[in-house]
Amino acid sequence: MAVEIRNESPMPLVWDRDELVSGEWTDPWYPSRSGTIAPGATAEWRAEGDLFVAPTSGTEGRVWYNIGGDRGRQLYVHFNSPLIESQYGNTFHVWAPTGFAAAYSGGQGHHARLGIRFRESSRHQVRGFTPSLNGFQFRNSWNPSLPAMTVGYLWNRLLDELPQEAAEPLGIARVDDGWLPITHASAGLCGGMVFAVMDYFAAGKLPPVATTSPASEGDPLFRFIRDRLLDSFNIGGSGHRWLGYSSPHYPNGDEGFIQVAGLARGRSWVTYRDEWPRIRDDIDYGKLSPIGLIQTDSLDIGNNHQVLAYAYKQDGQTVQLWVYDPNHPGRDDLILQFDITDTTGEVHVNRIGYPGSQPRIFCIIRTDGYNPHAPPDGRQLSVRQKMERVTGLRHGRLPGDIGLPRPASLRQWLTSA
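Next up, the structure:
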């Protein structure tokens, strides 16, 4: 296991102590030799299992750094790479105090590398995106007579992509293709609305101003959203997760045979260790991040939901995600909040700003498979709105670098109709 720490904060990280439960530090990559990690600097240390002709143990250890030399504020890193390698064999825990954030990625596989970015806590946002402006003005509520699709059709297509050895233990079997049409307000077309909003944003346009959802089967916007709904489930890719994580047999925490054996991880690990870093990386790169909310553990996948993350703040172990929610148009204050400290139990997500009672969230996933499509109609951005997007780009990139149409010149793009 190799651990690389990049200090992006203005405070030095001063090595305090370390301990090994099993294995040994790999010479010369000892944590103590890094001493102090200055602001802007990077340090690396490594550990390996004990070796006697053949490996006899894995490696597990802990390292503490004092932030600014203050032992009352510490960055803590724990890693455990067991002897038996597997896809999910390695576990780790990275803890930072309030006022700071430790973002991490990687850490799995043989010769694993865990990357950690340590920085001060702050809000990060995709520039130029605001739900009240860039989202649809109508609610995710549709005429039940409109022919969208059925849960049965979607279920069977997702099941085709789920490994068969997993389907039976999770209690998943085929159903009638015509079962349960997804056309009523309780299910809606949320995934299609999320992908469509991303399409308008990528095209440098605003959605239509309509405050009621399309009521006609022939409406181009309805057909577009309906088609994008199917795209959002990523059938043929990782869409089978909608079934797997909705099963009553799928584990929540780290305890259990399939987790210990490294065959899979519970919903908490999926949410906090796998999916949250992917959402964070999207936003750091200036991209919107489509999110799936697993809101059932009884395989009633019509109760699941999709939203769009456009900003986040991590303060210590607490994460806040600002989202566009198709069920609540015009709201810029909707937040999903969770604590990433512990993966041993079930997922706990607090909805902030939401009205009334809301469904429980069992798991959060980052939706895969998005590719920009040309949306119908749409409104042009004003010069001011275009400028807000341009000033939000990092490293002086032109709009084409994040999916917007690349103009011959910046002036041409700002003044185009």
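Going by the numbering used here, the sequence shown opens with residue 1087, and the numbers climb by one from there.
Ideal Cβ placement from N, Cα and C applies to all residues, glycine included.
Please read these numbers as outputs of a predicted model, since none were measured by experiment.
Check: From this set, Leu1420, Ile1451, Leu1385, Ile1447, which residue's C-alpha is nearest tyrosine 1440's C-alpha?; Outcome: Leu1420
Check: Less than 8 Å between C-beta atoms, sequence neighbours within five positions excluded: which residues of the same chain meet that for valine 1295?; Outcome: Gln1223, Arg1465
Check: Flag this pair as yes or no: are the beta carbons of isoleucine 1258 and glycine 1330 separated by less than 9 Å?; Outcome: yes
Check: Within the continuous beta strand (DSSP E) that includes isoleucine 1450, where are the two ends?; Outcome: 1449-1452
Check: Tell me which residues share the same chain as leucine 1407 and place their Cβ nearer than 6 Å to its Cβ, disregarding the 5 neighbours each side in the sequence.; Outcome: Ala1395, Tyr1398, Leu1422
Check: Does the count of Cβ pairs from the segment 1208-1226 and the segment 1238-1247 closer than 8 Å reach three?; Outcome: no
Check: Which value, in whole angstroms, describes the spacing of the CA atoms of aspartate 1411 and isoleucine 1380?; Outcome: 14 Å
Check: Here's the rule I'm using: 16 or more other beta-carbon atoms within 10 Å means buried, otherwise exposed. How should glycine 1325 be labelled?; Outcome: buried
Check: Take every Cβ of the segment 1148-1164, pair it with every Cβ of the segment 1333-1341, and state whether three or more of those distances are shorter than 8 Å.; Outcome: no
Check: Excluding the 5 residues preceding and the 5 following glycine 1431 in the sequence, name in chain order all residues of the same chain whose CB lies nearer than 7 Å to its CB.; Outcome: Asn1338, Gly1339, Ser1354
Check: Once you ignore the five residues that flank valine 1393 on each side, which residues in its own chain have a CB closer than 7 Å to its CB?; Outcome: Val1280, Ile1377, Leu1379, Val1409, Tyr1410, Asp1411
Check: Report buried or exposed for valine 1283, applying the criterion of at least 16 other Cβ atoms within 10 angstroms of its Cβ.; Outcome: buried
Check: How far does the beta strand (DSSP E) with glycine 1147 in it extend, from its first residue to its last?; Outcome: 1145-1153
Check: Assuming the contact rule is C-beta atoms closer than 8 Å, glutamine 1400 and alanine 1124 should be a hit. Round their C-beta distance to whole Å, please.; Outcome: Not quite, the Cβ-Cβ distance comes to about 23 Å (not below 8 Å), so this is no contact.
Check: Helix or strand or just coil, what does DSSP make of proline 1098?; Outcome: coil
Check: Between phenylalanine 1310 and the rest of its own chain, which residues show a CB-CB distance below 7 Å, the 5 nearest in sequence each way excluded?; Outcome: Ala1282, Pro1461, Pro1462
Check: Would you please state the rounded distance, in angstroms, between the beta carbons of tyrosine 1151 and valine 1089? I believe it to be under 8 Å.; Outcome: Tyrosine 1151 to valine 1089, Cβ: 11 Å. No contact.
Check: Going by DSSP, what residues sit across from threonine 1128 in a beta bridge?; Outcome: Arg1092
Check: Could you name the residues of the same chain whose beta carbon sits closer than 7 Å to that of isoleucine 1387, not counting the 5 residues immediately before and after it, in chain order?; Outcome: Val1237, Trp1241, Trp1328, Leu1329, Ser1332
Check: From the DSSP output, which residues share a beta bridge with isoleucine 1380?; Outcome: Cys1449
Check: Rounded to a whole number of angstroms, what is the C-alpha to C-alpha distance between proline 1306 and cysteine 1276?; Outcome: 17 Å
Check: Which runs of the alpha helix (DSSP H) at least 4 residues long sit entirely within the segment 1292-1368? Give them in chain order.; Outcome: 1306-1318, 1327-1330, 1343-1346
Check: Could you check which residue in Val1435, Ser1299, Arg1209, Ser1118 has the C-alpha nearest to that of aspartate 1370?; Outcome: Arg1209
Check: Using a Cβ-Cβ cut-off of 6 Å (strictly less than) and excluding sequence neighbours within five positions of serine 1272, which residues of its own chain qualify?; Outcome: Any answer about serine 1272 is weak, because its pLDDT of 46 lies below 50 and its placement is not dependable; what the coordinates show is given next. Excluding residues within five positions, none has a Cβ falling inside 6 Å.
Check: Opposite glycine 1201 in the DSSP bridges: which residues?; Outcome: Glu1090, Ser1191
Check: My understanding is that alanine 1301 touches asparagine 1229, with C-beta atoms under 8 Å, so please give their C-beta distance in whole angstroms.; Outcome: 5 Å
Check: Which word fits valine 1346, buried or exposed, when buried means at least 16 other C-beta atoms lie within 10 angstroms of its C-beta?; Outcome: With a pLDDT of only 45 at valine 1346, under 50, the local geometry of the prediction cannot be trusted, and no value is derived from it.
Check: Cα-Cα, which of Thr1177, Pro1255, Arg1452, His1391 is closest to aspartate 1368?; Outcome: Arg1452
Check: Determine the contact status of asparagine 1166 and valine 1212, defining contact as a CB-CB distance below 9 Å.; Outcome: no
Check: In chain order, what residues of the same chain have a beta carbon less than 7 Å from the beta carbon of arginine 1359, not counting five sequence neighbours either side?; Outcome: Thr1429
Check: Out of curiosity, what's the CA-to-CA distance linking isoleucine 1153 and proline 1249?; Outcome: 46 Å
Check: So what does alanine 1133 bridge to, in DSSP terms?; Outcome: Trp1111
Check: For valine 1163, decide whether its Cβ has a neighbour in chain C, counting only Cβ atoms nearer than 9 Å.; Outcome: Reference to chain C is not applicable here, since this structure consists of a single protein chain.
Check: Taking C-alpha atoms, which residue in Ser1299, Gln1444, Pro1117, Tyr1456 lies nearest to leucine 1232?; Outcome: Ser1299
Check: What residue range is occupied by the uninterrupted alpha helix (DSSP H) comprising arginine 1119?; Outcome: 1117-1120
Check: How about glycine 1109 and glycine 1147: are their beta carbons less than 9 Å apart?; Outcome: yes
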